[in-house]
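Single-structure report; data block below.
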Amino acid sequence: EFKENITRMVAMVTDPSSPNYSPETRLLLITPPALGAKLYDHHRASTYTVVYPVDRTPESVKACADAMREVAAEMSLPCVDLWAAVEEGAKEQGGEFEGYDAYSWDAVHLNKG
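Take 445 as the starting number for the sequence shown in the working numbering and just add one per residue.
Right, dumping it as structure tokens:
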């Protein structure tokens, strides 16, 4: 479903038959950054007093990143692969949160750095 939604949104501005067609608009797709499960669980446990169902997993975020790269390739669009960059960088960092805390404070949003 994610891939179809992204494809539909891109087509809204790139398809000449769309009422929102905008040939002057330039698109750049960006994958979500990789998610560190330990950091995500730590943030959830230390932030919320109510336990919400887990809405993200490393596997689900990777699937979204894969889909974003596929859409970019299929539609000949540039793509910034944050997932791969954070995954690679986190492996080099190591530590309590497996290096993901060097890139994100909650395993979802990027640090200011």
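Ideal Cβ positions, reconstructed from N, Cα and C, are used throughout, including at glycine.
This one's a predicted model, so the numbers in the text were calculated from it and none came from an experiment.
With a Cβ-Cβ cutoff of 7 Å, do residue i and residue j count as a contact?
| i | j | result |
| --- | --- | --- |
| Leu473 | Cys523 | yes |
| Ala478 | Glu531 | yes |
| Gln537 | Ala529 | no |
| Val515 | Thr469 | no |
Three-state secondary structure (DSSP) at residue i?
| i | result |
| --- | --- |
| Leu526 | helix |
| Ser504 | helix |
| Leu471 | coil |
| Leu554 | strand |
Out of the options, which one is the CA nearest neighbour of residue i?
| i | options | result |
| --- | --- | --- |
| Val457 | His553, Leu471, Ala534, Pro476 | Leu471 |
| Ala489 | Lys556, Asp459, Asn449, Asp550 | Asp550 |
| Gly539 | Glu503, Gly480, Ser520 | Gly480 |
| Asn449 | Pro467, His487, Ala511 | Ala511 |
| Lys447 | His487, Ala509, Pro497 | Ala509 |
Quick one: measure Cβ to Cβ for residue i and residue j, integer angstroms, because I've assumed they're closer than 8 Å.
| i | j | result |
| --- | --- | --- |
| Arg513 | Thr475 | 6 Å |
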